[in-house]
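In this note's numbering, the protein residues as written are 83 to 679. Don't be surprised by glycine CBs; every beta carbon is placed ideally from N, CA and C. Read through the structure below, which is laid out as structure tokens, and then see the notes.
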Ligand code: PEP
Ligand code: MG
């Protein structure tokens with residue numbers, strides 16, 4: 083590892099020369115998937131014309147003509163490549179911003195002070211960057227990405243060069259490397275765009291949301307990517323792990339190409355052989371493998387992967403795509419469509435899990451030093467009952483009498499569950515009194531992800547309808563290790579005696595109380611971890627779409643009776659991790675824990 087956090091490996095005699103060596107950069111996985119292609123650097127071009135201009139009127143005419151051309155090009159772009167419905171708001175907001183009079187008049191004022199049109203665009207951009215540097219408001223920060231993107235487009239229209247699709251010699255398979263991107267940039271390159279590497283960027287940035295809905299892998303927070311990447315370089319983007327390989331060795335390229343081929347081949351085989359079969363272990367334990375989703379466009383993957391339903395629908399992901407707080411009818415339409423498209427398969431809608439690492443631009447929350455431990459998720463829903471009540475109302479309205487499953491994120495004490503239950507009852511009564519169909523069965527469950535709840539589980543289990551373990555947050559709070567901090571996230575292992583003991587205790591208590599329990603955190607999607615969870619008693623696992631297949635392939639190769647006694651012994655050990663022992667067990671007993679690289 084180098085001081086800048088990027089791993090560097092020498093590959094040959096030319097490796098002494100800067101910028102030619104193989105380099106791995108670890109960042110944040112913002113949109114899943116694997117892509118291999120050639121770098122296209124998305125860096126602003128310095129203006130080629132002078133800074134000052136005498137004839138302000140002529141410069142303003144040039145600016146207006148360029149702005150008209152840019153707006154027309156953006157309109158055409160968005161019409162040509164329609165993005166999925168839930169991201170339409172984001173793209174429309176961008177489109178509107180391209181017409182923003184305030185932005186364009188600011189540039190005109192700079193021209194009137196003597197700058198050329200190009201220099202004025204850059205001047206306004208820099209001024210905006212300075213002004214926004216300290217701003218924490220997500221909505222405003224998102225606007226900065228739009229301004230960066232639009233300024234770049236405006237400059238290329240002023241200079242009458244096309245930086246995007248028509249650029250000559252663009253590779254067939256493009257990996258876009260940029261500091262930040264506006265969402266429309268994803269549409270510029272058509273199907274040739276295979277992946278994106280960003281120096282900045284977070285999970286809730288517009289570009290990340292649109293990329294997820296288009297299925298384009300993105301890795302963000304790759305410091306200095308633009309400094310190290312060169313135009314045309316081979317790049318691998320691993321959006322599952324959050325890793326980027328610059329100028330990978332031939333060996334790595336082959337490995338990843340094989341992995342992509344193997345994925346395609348396995349997906350094909352799986353569709354024909356495995357997909358529709360129920361997942362049952364060798365000793366007859368039936369396991370329901372479900373899928374995590376958050377956008378309507380993802381629901382189709384349930385049928386494509388053979389998942390038995392949606393075990394976690396993260397409603398906040400759709401909220402991120404709306405430009406203002408959605409009305410009940412808007413929400414209800416979404417929930418209803420999700421249920422329609424599932425055709426009777428179950429879905430557990432999770433109420434808004436905002437705050438922490440998932441801010442909503444239009445929902446103003448106070449500044450917090452430590453948002454992961456702050457005002458978030460069900461805490462907001464309880465303190466602002468309108469948030470939770472309107473969402474319950476929308477679930478009921480969307481269900482149109484069909485059974486409902488609702489779960490509450492980040493419940494830390496039984497009293498929070500009781501309060502939410504009371505709000506749900508109010509909404510049921512409201513619907514009844516209004517003559518609306520109310521589902522006969524509405525199950526209200528909790529995500530178990532805050533450790534304090536473990537000490538109230540016995541009483542909670544008397545009233546809760548189901549439990550779903552959120553291992554991502556449970557790990558974070560159990561080990562006091564920030565899930566967003568790469569070195570901390572990997573420091574402790576879910577396959578550690580402590581975490582497995584907690585998981586066993588939850589499964590045992592739920593079983594004794596007759597309450598159904600599942601796992602919906604990332605852990606459940608790894609075949610090795612899934613093997614352990616099934617042995618501990620978890621018979622429902624909810625995983626991301628690409629993971630359904632490998633988890634479903636593992637289950638029929640497992641005999642839980644063989645592993646349980648061994649696991650119980652291992653769990654008493656003082657080891658940091660039981661991973662190696664469990665891998666050996668899987669190999670010795672031919673449990674299929676293979677996974678893509
Ligand atoms: C979890 O915490 O494990 C979970 C599934 O929720 P999220 O990742 O959305 O916080
Ligand atoms: Mg969580």
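Checklist entry - Is residue 277 near residue 299, with beta carbons less than 7 Å apart? => result Mapped onto the chain shown, residue 277 falls at position 195. Mapped onto the chain shown, residue 299 falls at position 217. The answer is yes: Cβ separation under 7 Å.
Item to check | Cβ neighbours of residue 268 in the same chain (closer than 7 Å, five flanking residues each side left out) | outcome: Start at 1 with the first residue of the chain shown, and residue 268 comes out as number 186. Result list for residue 268: 275, 289, 292, 293, 296, 298, in chain order.
Checklist entry - Alpha carbon to alpha carbon, what distance is there between residue 125 and residue 578? => result Translated into positions along the chain shown, residue 578 becomes position 496. Translated into positions along the chain shown, residue 125 becomes position 43. Between residue 578 and residue 125, the C-alpha separation is close to 44 Å.
Item to check | Near ligand 2: residue 498 beta-carbon under 6 Å from a heavy atom | outcome: Mapped onto the chain shown, residue 498 falls at position 416. No, since every heavy atom of ligand 2 falls outside the 6 Å radius drawn around the Cβ of residue 498.
Checklist entry - Does the Cβ of residue 596 have 16 or more other Cβ atoms within 10 Å, making it buried, or fewer, making it exposed? => result By 1-based counting over the chain shown, the position of residue 596 is 514. So residue 596 ends up on the exposed side.
Item to check | Distance between residue 618 and residue 646 (C-alpha atoms, nearest Å) | outcome: For the purposes of this step, residue 646 is taken as residue 564 along the chain shown, with counting starting at 1. For the purposes of this step, residue 618 is taken as residue 536 along the chain shown, with counting starting at 1. Distance between the alpha carbons of residue 646 and residue 618 is about 7 Å.
Checklist entry - Going by C-alpha distance, which of 588, 227, 433, 389 is nearest residue 260? => result Within the chain shown, residue 260 is the residue found at index 178, counting from 1. Of the candidates 588, 227, 433, 389, the one whose C-alpha sits nearest the C-alpha of residue 260 is 227.
Checklist entry - So residue 527 is in the beta strand (DSSP E); what residue range does that whole segment cover? => result For this step, residue 527 is matched to residue 445 along the chain shown. Residue 527 -> beta strand (DSSP E) spans 524-530.
Checklist entry - Is residue 555 near ligand 2, in the sense that its beta carbon is under 6 Å from a heavy atom of that ligand? => result The residue labelled residue 555 in the question sits at position 473 within the chain shown. Within the cutoff, so yes.
Next on the checklist: Do residue 640 and residue 605 count as a contact pair if the criterion is CB distance below 7 Å?
Outcome noted: Counted from its first residue, the chain shown places residue 605 at position 523. Counted from its first residue, the chain shown places residue 640 at position 558. No, these two residues do not count as a Cβ contact at 7 Å.
Item to check | residue 374 (DSSP reduced to helix, strand or coil) | outcome: As a working note, residue 374 is residue 292 in the chain shown. In this structure, residue 374 counts as strand in the three-state DSSP scheme.
Checklist entry - Helix or strand or just coil, what does DSSP make of residue 488? => result Start at 1 with the first residue of the chain shown, and residue 488 comes out as number 406. Note: residue 488 maps to strand in three-state DSSP.
Checklist entry - How do the segment 625-643 and the segment 543-563 stand: do at least 3 beta-carbon pairs fall below 8 Å, yes or no? => result With a cut-off of 8 Å, the segment 543-563 and the segment 625-643 do not count as touching, because too few Cβ pairs lie within range.
Next on the checklist: According to DSSP, simplified to helix, strand and coil, what is residue 104?
Outcome noted: Here residue 104 refers to the residue found at position 22 of the chain shown. Strand.
Checklist entry - On the three-state DSSP scale, how would you describe residue 227? => result As a position in the chain shown, residue 227 is number 145, starting the count at 1. Three-state result, residue 227: helix.
Item to check | Assumed close pair residue 438, residue 454 - CB separation to whole angstroms, cut-off 8 Å | outcome: Working through the chain shown from its first residue, we reach residue 438 at position 356. Working through the chain shown from its first residue, we reach residue 454 at position 372. Right, the Cβ-Cβ distance comes to about 5 Å (below 8 Å), so this counts as a contact.
Next on the checklist: Counting C-beta neighbours from all protein chains within 10 Å, is the total for residue 85 16 or more, i.e. buried, or is it exposed?
Outcome noted: As a position in the chain shown, residue 85 is number 3, starting the count at 1. Any reading at residue 85 needs caution, since the residue's pLDDT is 33, under 50, leaving its predicted position unreliable; the model's value is listed next. It counts as exposed.
Checklist entry - Since residue 377 contacts residue 400 with CB under 8 Å, what's their CB separation in whole angstroms? => result Start at 1 with the first residue of the chain shown, and residue 377 comes out as number 295. Start at 1 with the first residue of the chain shown, and residue 400 comes out as number 318. The C-beta distance from residue 377 to residue 400 rounds to 6 Å, short enough to meet the 8 Å contact threshold.
Checklist entry - Cα-Cα, which of 527, 535, 171 is closest to residue 489? => result As a working note, residue 489 is residue 407 in the chain shown. The shortest Cα separation from residue 489 among 527, 535, 171 belongs to 527.
Item to check | Three-state class that DSSP yields for residue 110 in the structure shown | outcome: Against the chain shown, residue 110 aligns to sequence position 28. Residue 110: strand per DSSP, three-state reduction.
Item to check | Distance between residue 179 and residue 247 (C-alpha atoms, nearest Å) | outcome: As a working note, residue 247 is residue 165 in the chain shown. As a working note, residue 179 is residue 97 in the chain shown. The pLDDT assigned to residue 247 is 47, lower than 50, so where the model puts this residue is not dependable, and the model offers no usable value.
Item to check | Limits of the alpha helix (DSSP H) - the one that residue 268 falls within | outcome: In the chain shown, the residue the question calls residue 268 occupies position 186. Element bounds for residue 268: n/a, residue is neither H nor E.
Next on the checklist: Taking a contact to mean a Cβ-Cβ separation below 7 Å, would you say residue 458 touches residue 509 in this structure?
Outcome noted: Locating residue 458 in the chain shown gives position 376, where the first residue counts as 1. Locating residue 509 in the chain shown gives position 427, where the first residue counts as 1. No. Outside cutoff.
Checklist entry - Where does residue 679 fall in DSSP's three states? => result The residue you call residue 679 lines up with position 597 of the chain shown. For residue 679, the predicted structure reports a pLDDT of 40, less than 50, and the residue's modelled location is therefore unreliable. The matter cannot be settled from this model.
Checklist entry - With DSSP run on the structure shown, which of helix, strand or coil describes residue 237? => result Residue 237 sits at position 155 when you count from the first residue of the chain shown. Correct three-state label for residue 237: helix.
Next on the checklist: Helix, strand or coil for residue 569? Go by DSSP, reduced to three states.
Outcome noted: Position 487 of the chain shown, counted from the first residue, corresponds to residue 569. Secondary structure of residue 569 (DSSP, three-state): helix.
Checklist entry - Using the C-alpha atoms, what's the distance from residue 191 back to residue 202? => result On the chain shown, position 120 is the one that residue 202 refers to. On the chain shown, position 109 is the one that residue 191 refers to. Rounded to the nearest angstrom, the two C-alpha atoms are 8 Å apart.
Checklist entry - Helix, strand or coil for residue 622 per DSSP? => result What you label residue 622 is simply residue 540 of the chain shown in a count that begins at 1. In the structure shown, residue 622 sits in a strand (DSSP, three-state: E or B).
Item to check | Nonlocal neighbours in the same chain, by C-beta distance under 8 Å from residue 193, ignoring five residues either side | outcome: Locating residue 193 in the chain shown gives position 111, counting from the first residue. Here the set comprises 135, 138, 141, 142, 145, 199, 202.
Checklist entry - Whole-angstrom Cβ separation of residue 206 and residue 257, contact assumed at under 8 Å? => result Sequence index remark: in the chain shown, residue 206 carries index 124 (1-based). Sequence index remark: in the chain shown, residue 257 carries index 175 (1-based). That pair is no contact at about 30 Å.
Item to check | Simplified DSSP state of residue 333, which is helix, strand or coil | outcome: Taking the chain shown and counting its residues from 1, one reaches residue 333 at position 251. Three-state DSSP puts residue 333 in a helix.
Checklist entry - Touching or not, the segment 334-344 and the segment 583-601, by the rule of three or more beta carbon pairs under 8 Å? => result No, because fewer than three Cβ pairs between the segment 334-344 and the segment 583-601 fall closer than 8 Å, the two stretches do not touch.
Checklist entry - Skipping 5 residues on each side, what residues in its chain have a beta carbon closer than 7 Å to that of residue 186? => result Indexing the chain shown from 1 puts residue 186 at position 104. The answer, listed in chain order, is 149.
Checklist entry - DSSP on residue 634, reduced to helix/strand/coil? => result On the chain shown, residue 634 is found 552 positions in, with the first residue counted as 1. Helix, per DSSP.
Item to check | Beta-carbon proximity check, residue 117 vs residue 315, cutoff 7 Å | outcome: Within the chain shown, residue 117 is the residue found at index 35, counting from 1. Within the chain shown, residue 315 is the residue found at index 233, counting from 1. Against a cut-off of 7 Å, the Cβ pair of residue 315 and residue 117 comes out as no contact.
Checklist entry - How do the segment 368-387 and the segment 659-666 stand: do at least 3 beta-carbon pairs fall below 8 Å, yes or no? => result With a cut-off of 8 Å, the segment 659-666 and the segment 368-387 do not count as touching, because too few Cβ pairs lie within range.
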